[in-house]
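Position 115 of the sequence shown, counting from 1, maps to 215 under the working numbering, and the rest follow consecutively.
Idealized CB from N, CA, C, for every residue including glycine.
Computed from a prediction, not measured in an experiment: that's the story for all the values here.
For reference, the structure is listed below as structure tokens.
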Amino acid sequence: MLGSGISSNWGDLTGYHCLGGQGIIVIEKQGEYAGEWVSSQGEIVTVADLKLQVADILQGRYSMDDLPDTAYIEERVAVHPVFEKYSYHGTPDIRVIVFNGVPIMSYARLPTEESGGRANLFQGAAAMGIDIATGITTYGVHHGTPIEFFPGTRRKLRGVQIPEWESILETAILASRAIGLGYMAADIVLQPVLRKQELGMRKQEVETVPMILEVNAQPGLKIQIANRAGLKERLTRVKGLKIVSVKHGIRVGQALFADPKLAEAGMGRKTVGATEEIEIWGLGGERETVKAKIDTGANMSSIDRELAKKLGLLDPDNHLYEDFFYSSLGRNKRQIVGIKYLMAGVKVKGMVSVADRSRMKHKFLVGKRDLGRFAVVVG
Numbered sequence: 101m102l103g104s105g106i107s108s109n110w111g112d113l114t115g116y117h118c119l120g121g122q123g124i125i126v127i128e129k130q131g132e133y134a135g136e137w138v139s140s141q142g143e144i145v146t147v148a149d150l151k152l153q154v155a156d157i158l159q160g161r162y163s164m165d166d167l168p169d170t171a172y173i174e175e176r177v178a179v180h181p182v183f184e185k186y187s188y189h190g191t192p193d194i195r196v197i198v199f200n201g202v203p204i205m206s207y208a209r210l211p212t213e214e215s216g217g218r219a220n221l222f223q224g225a226a227a228m229g230i231d232i233a234t235g236i237t238t239y240g241v242h243h244g245t246p247i248e249f250f251p252g253t254r255r256k257l258r259g260v261q262i263p264e265w266e267s268i269l270e271t272a273i274l275a276s277r278a279i280g281l282g283y284m285a286a287d288i289v290l291q292p293v294l295r296k297q298e299l300g301m302r303k304q305e306v307e308t309v310p311m312i313l314e315v316n317a318q319p320g321l322k323i324q325i326a327n328r329a330g331l332k333e334r335l336t337r338v339k340g341l342k343i344v345s346v347k348h349g350i351r352v353g354q355a356l357f358a359d360p361k362l363a364e365a366g367m368g369r370k371t372v373g374a375t376e377e378i379e380i381w382g383l384g385g386e387r388e389t390v391k392a393k394i395d396t397g398a399n400m401s402s403i404d405r406e407l408a409k410k411l412g413l414l415d416p417d418n419h420l421y422e423d424f425f426y427s428s429l430g431r432n433k434r435q436i437v438g439i440k441y442l443m444a445g446v447k448v449k450g451m452v453s454v455a456d457r458s459r460m461k462h463k464f465l466v467g468k469r470d471l472g473r474f475a476v477v478v479g
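Here it is in structure tokens:
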């Protein structure tokens, strides 16, 4: 039974209520002989060892209050390429704390040699805080002490871009909604899926799938050290807010809890609202400041024809192409021109459609193509 349970040659044996990472055996590969496996700590594990561990788990040796527990074997998730230099014989996980439908704090837990390949801080794993707005790592912690490098190396823990960040936040919020917990932590791993390898493409092309390992109603407090921020203040700011959707919760969290030091270093995203003043640069060097409407529902930005003409943007050399657009007035063909403008201190270079916006309040509309470097907060 146990042999068939880990026939894939790798997996984790754990208990449902194991506390502090105790009672977990991480199987890394098949041993030299049948009925043997090698753990993440390099130790030989036999069927007899697994049976003994299961018996201890069932008797409640590792559970809260020493109550009888349930043992189970779970698939071991491969290490995502982004974490390969920040992990020792184990899979890092990402914890996202959600309160009132808003992600308020996050960090990644990194297995070390000291922790035996386990992503558990009590056993010696390291952690790095993650900026909610961008998914970029900020500060490190090990044994409750701030650190700059991954233990035993000179690899900086700051500045790592976590892939699929929006999907991770969405997964955490959906988990809190499904379970019905107003305050909880979702522990998420990034499962690298080599789908494109099956099509004969390069192995490096990895699709990332966020997967939930577990949820925790009583998450630890060391996440505060990894973020150099307190939970109490963030809980207070979110308490009582009316969050209407998952995406709304993400936008609120990104706007409220963006790390200012990342923005200063040019790594973070600027926050913009429903309208923003922008400075448009004309082809002849002239500059015009207008109030623009921010519209995440529109794909491309749009400028009023008379304003574009005034700034010289309709010059034939600046003409890119023409395309059809659909609006409340129906289908119409528009000219697409190049443009440069400044919004929230960020230079934007792209293209806009030219339309008659003479009857509209805003002569410029910023579409989602130009919003990749911004966090949009409406209301």
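C-alpha gap between residue i and residue j, whole angstroms
| i | j | result |
| --- | --- | --- |
| G62 | S187 | This structure gives no information on residue 62, because the portion of the chain shown stretches from 101 to 479. |
| M443 | H189 | 45 Å |
| E136 | A219 | 24 Å |
| F250 | F222 | 16 Å |
| A358 | A272 | 18 Å |
| Q354 | Y133 | 51 Å |
| A398 | G467 | 5 Å |
| E379 | R255 | 40 Å |
| R302 | P292 | Note that R302 scores a pLDDT of 44, beneath 50, so its modelled location is shaky; the value from the coordinates is reported in the next line. Those two C-alpha atoms are separated by around 14 Å. |
| Y162 | V147 | 20 Å |
| Q297 | E184 | Since pLDDT at Q297 reaches only 43, below the 50 mark, its modelled position is unreliable, and no value is offered. |
| I232 | K361 | 13 Å |
| E314 | I288 | 7 Å |
| G142 | T191 | 16 Å |
| V198 | S276 | 7 Å |
| I439 | V454 | 11 Å |
| M311 | A278 | 15 Å |
| L412 | H348 | In the sequence under discussion, the amino acid at residue 412 is Gly, which differs from the Leu named in the question. Rounded to whole angstroms, G412 to H348 spans 38 Å at the Cα level. |
| E307 | V346 | 23 Å |
| V477 | I125 | 44 Å |
| P416 | R405 | 14 Å |
| E270 | A475 | 15 Å |
| D193 | L210 | 7 Å |
| R434 | Y426 | 10 Å |
| G131 | L471 | 51 Å |
| V154 | S139 | 16 Å |
Buried versus exposed, by CB contacts within 10 Å (16 or more), residue i
| i | result |
| --- | --- |
| K393 | buried |
| L356 | buried |
| Q261 | exposed |
| L299 | Legend: pLDDT at L299 = 41, less than 50; position of this residue unreliable, no value from coordinates given. |
| T389 | exposed |
| F75 | In the structure as shown, the chain begins at 101 and stops at 479. Residue 75 is therefore absent and cannot be evaluated. |
| G240 | buried |
| A374 | exposed |
| L152 | exposed |
| Y207 | buried |
| R431 | exposed |
| D456 | exposed |
| S401 | buried |
| H167 | At residue 167 the sequence reads Leu, which differs from the His that was named. Answer is exposed; the Cβ neighbour count stays below 16. |
| T336 | exposed |
| L321 | exposed |
Bridge partners - residue i, DSSP secondary structure assignment
| i | result |
| --- | --- |
| G450 | I439 |
| K393 | T375 and L465 |
| F425 | N432 |
| D404 | A455 |
| I230 | T237 |
| K185 | DSSP, once it has assigned bridges, lists no residue as partnering K185. |
| F199 | V202 and Y283 |
| D193 | R209 |
| R334 | Beta-bridge pairing links R334 to no other residue. |
| M311 | V289 |
| P246 | V241 |
Closest Cα partner of residue i within the set the options
| i | options | result |
| --- | --- | --- |
| L480 | K185, K391, G397 and G445 | Summary: the structure shown does not reach residue 480, with the chain confined to residues 101 through 479, and so no result is reported for it. |
| I144 | Y239, T234 and E128 | E128 |
| Y441 | G259, L313 and L383 | L383 |
| T234 | K256, V352 and L414 | V352 |
| N418 | K409, Y426 and F425 | K409 |
| V309 | P263, R277, R334 and Q153 | P263 |
| K447 | I236, R473, K468 and L150 | R473 |
| G201 | L420, A286, M400 and I323 | A286 |
| H180 | T212, G224 and L290 | L290 |
| I325 | R161, A227, I439 and T191 | A227 |
| E266 | P203, L465 and G445 | P203 |
| R328 | G229, I124, V177 and G131 | G229 |
| H462 | L471, E376 and G224 | E376 |
| E333 | R258, M205 and K347 | M205 |
| A317 | S402, G131, R195 and A475 | R195 |
| M460 | D149, Q130, L269 and I403 | I403 |
| R469 | L420, G445, D395 and Y421 | D395 |
Near the ligand FAD: residue i beta-carbon under 6 Å from a heavy atom
| i | result |
| --- | --- |
| E264 | Judged by which ligands are present, the structure shown has none, so any question about the ligand FAD falls away. |
**Request:** Check whether the stretch 210-217 touches the stretch 338-347, counting contact only when three or more Cβ pairs, one atom from each stretch, lie closer than 8 Å.
**Result:** No, the stretch 210-217 is not in contact with the stretch 338-347.
**Prompt:** So, do the stretch 166-173 and the stretch 271-290 have three or more beta carbon pairs nearer to each other than 8 Å?
**Reply:** Taking one beta carbon from each stretch, the stretch 166-173 and the stretch 271-290 have fewer than 3 pairs nearer than 8 Å; the two do not touch.
**Segment contact flag, the stretch 235-244 with the stretch 370-390, C-beta cutoff 8 Å, min 3 pairs** = For the pair of segments examined, the stretch 235-244 was found not to touch the stretch 370-390: the number of CB pairs separated by less than 8 Å stays below three.
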